[in-house]
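Peer 1:
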Amino acid sequence: MRLHVHLSSNWVLDREMREYSPDEEVDFCIVGTGAGGGVLAQRLARYGFSVVALEAGPWHDSETDMVSDEAGSSRLYWNDLRITGGREPLELGANNSGRGVGGSTVHYAAFCPRFHPSDFRVRTLDGVAVDWPISYDDLEPYYVQMEQEYPVSGPAYYPWGKPHGYPYTPLQAGTAGQKLIEGCVKLGIPVVAGGPVAIPAGAFGKRPHCIMRGFCLLGCKVGAKSSILVSHIPDAIEHGAEIRAQCMAYEIPIDGEGRAIGVRYYETDAQGRIHDRQQRAKAVVVAGYAIESPRLLLNSTSSRFPHGLANSSGLVGKFLMAQAAPVVWGRFEELIRQYKAPPACACSEEFYETDPRNDFVRGYSLQTVAPLPIAMAHLIVDEDGRFGEELVVAMQEYNHYAAIGVLGEILPDERNAVTLHPIFRDQYGIPVPYVHFNLFENDQKLLRAGIRRAEEVLQAAGAVETHAVHRYAHLVGTCRMGFSPSDSVVDQWCRSWDVPNLFVCDGSVLPTQGSANPALTISALAARTADWLRQAAPRGELAQRPVAARRGGR
Amino acid sequence: MTIWNRYPDSDILAQRGHWDDATRRVVLDRVYNVPPFRTLNPHERETLEALCDRVIPQDWKPAERRVPIAPWIDQNMSQSAVEGFRFEDMPPNTEAWRQGLAGLDQTAQALFGQQFAVLPPEQQDQVLHTIRGGSPPGEIWRRLPASRWWRYVALRQITGVYYAHPYAWDEIGFGGPAYPRGYFALNFGAPEPWEAREVPPPGRNGARR
């Protein structure tokens with residue numbers, strides 16, 4: 001099929017895309033095209049495998065489908081119904097769920113820090129949660145690759161976690177970002193200007209220079225911000241992968257031996273008609289992020305797998321994590337005009353690690369955020385439900401606000417989970433996900449400390465008053481990787497313990513989440529899995545179920 | 555605390571020639587194609603309009619600069635837009651609005667013996683403060699969580715419509731759509747050459763930059 005999609009102001013992806021018939025057995029059928037699925041599709045295609053990637057949403061043409069407007073951008077989000085509950089019910093949709101080629105990287109802020117080495121060993125170090133079956137060192141080469149390929153800009157020396165430098169120089173911070181820097185400097189808190197952000201200063205290949213428009217969260221019309229849509233999808237197509245948009249997967253069928261034989265999906269055609277189809281594949285990869293991936297597995301039941309595919313452990317959907325992401329903003333006498341420049345432009349990871357002086361373990365990052373008017377109004381009304389003159393006056397101060405986003409680690413808890421709703425079904429007739437979420441004691445203490453710290457920073461920068469509202473960002477967990485079939489859903493290569501040719505390759509495999517935005521880690525894991533598949537698939541390893549690792553060994 | 559016109563020279567719509575086609579279409583549609591009411595009945599509509607007037611008072615502005623809010627909320631109902639999730643203790647959007655608007659009347663009846671829309675503004679505010687507080691009188695509020703309705707249905711949607719409008723952007727000094735032109739004045743909160751300057755409050759000279 002002929003593609004014609006603007007990826008940036010002056011770059012049209014205008015070319016033939018290889019197409020496969022659903023009856024043709026491809027090497028890999030991937031569900032999802034975001035940070036995990038998109039990178040995996042690109043790698044596997046480059047390694048010579050035949051690849052079809054199903055994407056529930058559309059192609060987003062940067063010229064015609066993206067707008068420089070907050071209220072007009074909802075088509076970028078996963079807007080299908082989900083029911084959310086628990087003591088701290090998560091808001092979904094806009095903030096954390098993308099729909100369309102490139103997934104939620106299309107509308108992320110593009111903060112792309114690495115996890116710290118400690119993140120992989122929190123059970124050993126802090127006695128909480130679990131260790132990962134891999135270490136930081138296993139992932140490090142893939143972090144380096146992804147930082148080149150997205151690419152990620154940042155300082156030449158980044159002092160936190162395992163210190164490292166970034167390959168590209170960052171953009172300058174806007175006035176709002178400078179307030180975080182100023183406050184930290186006054187308090188003696190190490191801070192980096194142009195913290196790891198996937199927007200380089202200057203043009204990159206066919207991608208122009210950022211125009212400092214500040215609409216990163218509404219899709220980058222310029223094409224300067226990295227998203228999987230512009231960084232990996234074109235290369236995947238170049239190497240023969242088919243990206244099949246408007247295709248919603250609903251079931252992974254299996255054969256008599258318990259092996260996946262493809263993916264069943266509903267394709268919506270240009271007239272809005274829905275067709276029930278099945279793509280045959282030698283191996284299947286689920287990469288729909290932490291709600292849709294477990295939903296697809298739980299909806300794939302059979303007499304052999306009555307509780308859902310890859311779920312012999314009963315852990316599919318469990319240990320859902322979001323990051324505590326309260327927004328703390330200060331009002332300044334001077335003008336800020338926070339809507340200018342990318343919101344992601346400076347950060348401090350000084351409080352990321354466990355500090356024995358705290359009454360909690362693990363920590364948080366401080367990052368710049370810059371709410372546009374509607375987001376700002378929602379923060380203000382969420383804070384105290386104000387209305388009338390009080391609300392209008394608070395909004396008239398819009399240009400005097402600078403905000404900090406705290407990004408705090410919430411520990412995995414089995415009770416935070418994604419299940420299938422017993423009653424409601426979506427427009428395709430698939431059971432909708434039910435998302436249950438509570439904070440627990442460590443989470444609450446950490447959250448309070450993060451808010452307090454952000455308030456101090458803003459005050460040091462000169463804020464005359466500060467405000468804080470709880471928010472949550474990112475969704476991970478729900479198909480955790482681990483050491484054995486009883487403690488996890490997938491092994492260290494993202495392969496299901498139960499179904500030898502089934503993989504989960506997205507944020508749902510993360511056993512813990514650190515205080516780092518997860519996109520880069522998800523992509524690094526996908527690249528690592530792709531390298532293993534390149535060797536393992538030809539050797540016939542996808543025919544046998546994986547063997548449990550020795551705990552502590554690799 | 556008073557409202558004053560801080561950016562009297564701001565006219566974001568006049569910048570429309572600098573916007574891309576797709577954005578211009580979306581924003582101008584919002585300004586010039588206000589949809590008719592399709593879902594709410596006349597009484598519900600009157601109640602919603604009264605609510606919008608109290609949440610975002612606009613009587614301080616000339617009539618032609620006021621932003622219609624209620625029609626867009628009604629339109630979202632008629633398109634039964636799902637915004638990606640629903641709290642398990644809340645009904646679907648249209649139902650939440652219908653119940654909440656009826657709840658305004660129940661609380662108004664309990665406090666003042668009249669329907670919400672006909673109350674004087676001070677009493678309407680008292681009704682809203684009671685709902686904001688979380689446990690207002692009225693049978694509906696026993697099944698519809700008042701503070702969740704207040705924040706997530708009423709305030710989020712009303713502000714979501716209002717601050718999407720170029721006239722509201724003028725009021726807060728927001729630069730509006732910025733593609734393909736972009737920004738280059740990035741330091742010290744400076745305005746672009748085409749952006750309006752903030753003026754000090756009446757009776758105060760130049761204390762604020």
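Going line by line, the protein sequences match chains D and R.
Take the first sequence: its position 475, counting from 1, is numbered 475 in my numbering, and each next residue is one higher.
Take the second sequence: its position 84, counting from 1, is numbered 638 in my numbering, and each next residue is one higher.
Glycine is no exception: its CB is placed at the ideal position from the N, C-alpha and C atoms.
1. Need the endpoints of the beta strand (DSSP E) that Pro234/D sits in, please.
2. Taking C-beta to C-beta, are Gln367/D and Val392/D nearer than 9 Å?
3. Less than 7 Å between C-beta atoms, sequence neighbours within five positions excluded: which residues of the same chain meet that for Pro594/D?
4. Using a Cβ-Cβ cut-off of 9 Å, state whether Gly736/R counts as contacting chain D.
5. Is Cys29/D helix, strand or coil when you go by DSSP?
6. Hey, out of Asn416/D, Glu409/D and Arg425/D, whose CA is closest to Arg448/D's CA?
7. For the alpha helix (DSSP H) containing Glu16/D, name the first residue and the last one.
8. Answer with buried or exposed for Thr556/R, where buried requires no fewer than 16 other C-beta atoms within 10 angstroms of its C-beta.
9. Hey, quick one: how far does the beta strand (DSSP E) through Tyr561/R stretch, first residue to last?
10. My assumption, with CB atoms under 8 Å, is that Lys318/D sits in contact with Thr478/D. Please give the rounded CB distance.
11. Less than 6 Å between C-beta atoms, sequence neighbours within five positions excluded: which residues of the same chain meet that for Arg762/R?
12. Residue ranges of each beta strand (DSSP E) run of no fewer than 3 residues wholly in the region 27-115 of chain D, ordered along the chain?
13. With a 10 Å radius around its C-beta and 16 neighbouring C-beta atoms as the bar for buried, classify Met321/D as buried or exposed.
14. If we call anything under 9 Å between Cβ atoms a contact, is Leu54/D one with Arg273/D?
15. Who are the neighbours of Glu752/R on chain D, taking C-beta pairs under 7 Å?
16. Using only alpha-carbon positions, find the residue among Val192/D, Tyr265/D and Val106/D that is nearest to Ala558/D.
17. Do Ser62/D and Gly219/D have their CB atoms nearer than 9 Å?
18. At the level of alpha carbons, what is the spacing between Ser293/D and Arg415/D?
19. Assuming Asp628/R and Phe670/R form a contact by the criterion Cβ under 8 Å, report the distance between their Cβ atoms to the nearest whole angstrom.
20. Taking 9 Å as the CB-CB limit, is Glu725/R close to chain D?
21. Quick check on Ala543/D: buried or exposed, where buried means 16 or more other Cβ atoms within 10 Å of its Cβ?
22. Would you check if there are 3 or more beta carbon pairs closer than 8 Å linking the region 456-470 of chain D to the region 273-283 of chain D?
23. Is there at least one Cβ from chain R nearer than 9 Å to Gln42/D's Cβ?
24. Within 9 Å of any Cβ in chain D, is that where the Cβ of Arg763/R sits?
25. Residues of the region 580-602 of chain R with a CB closer than 7 Å to any CB of chain D: list them in chain order, please.
26. Consider the Cβ of Glu91/D: report whether some Cβ of chain R lies at a distance smaller than 9 Å.
27. Determine whether the beta carbon atoms of Gly93/D and Glu637/R lie at a separation below 9 Å.
28. Can you give me, in chain order, the residues of the region 490-517 of chain D that have a beta carbon less than 7 Å from any beta carbon in chain R?
29. With distances taken between CB atoms, is the gap from Pro422/D to Pro412/D smaller than 9 Å?
30. Taking three-plus beta-carbon pairs below 8 Å as touching, is the region 655-667 of chain R in contact with the region 684-693 of chain R?
31. Does DSSP put Glu649/R in a helix, a strand or coil?
32. Looking only at C-alpha atoms, which of Trp748/R, Val681/R, Trp723/R and Pro674/R sits nearest to Val581/R?
33. Comparing the C-beta of Phe215/D with each C-beta of chain R, is any distance below 9 Å?
34. Could you name the residues of the region 371-388 of chain D whose beta carbon sits closer than 7 Å to any beta carbon of chain R, in the order they occur along the chain?
35. Measuring CA to CA, which of Asp531/D, Val476/D, Val457/D and Ser365/D is closest to His467/D?
36. Can you tell me the Cα-Cα spacing of Gly553/D and Trp704/R, whole angstroms?
Peer 2: Let me spell this out:
1. No beta strand (DSSP E) contains Pro234/D, which is instead part of the alpha helix (DSSP H) from Ile233 to Glu238.
2. no
3. This structure gives no information on residue 594/D, because the portion of chain D shown stretches from 1 to 554.
4. yes
5. strand
6. Glu409/D
7. Looking at the DSSP string, Glu16/D is not in any alpha helix (DSSP H); the run it does join, the beta strand (DSSP E), is Trp11 to Glu16.
8. exposed
9. Run containing Tyr561/R: none; DSSP gives neither H nor E here.
10. 7 Å
11. At Arg762/R the pLDDT is 46, less than 50, meaning the model places this residue with poor confidence; the figure from the coordinates comes in the next sentence. Pro754, listed in sequence order.
12. 51-54 and 83-85
13. buried
14. no
15. Leu335 and Asn399
16. Look at the range of chain D in this structure, 1 to 554, and you will see that residue 558/D is not part of it.
17. yes
18. 18 Å
19. That pair is no contact at about 17 Å.
20. yes
21. exposed
22. no
23. no
24. Since pLDDT at Arg763/R reaches only 42, below the 50 mark, its modelled position is unreliable, and the value read off the structure follows with that caveat. Yes, because at least one Cβ of chain D sits closer than 9 Å to the Cβ of Arg763/R.
25. Val580 and Val581
26. yes
27. yes
28. none
29. no
30. yes
31. helix
32. Trp723/R
33. yes
34. Pro373, Ile374, Ala377, His378, Val381, Asp382, Gly385, Phe387 and Gly388
35. Val457/D
36. Any reading at Gly553/D needs caution, since the residue's pLDDT is 44, under 50, leaving its predicted position unreliable; the model's value is listed next. Whole-angstrom Cα-Cα distance: 53 Å.
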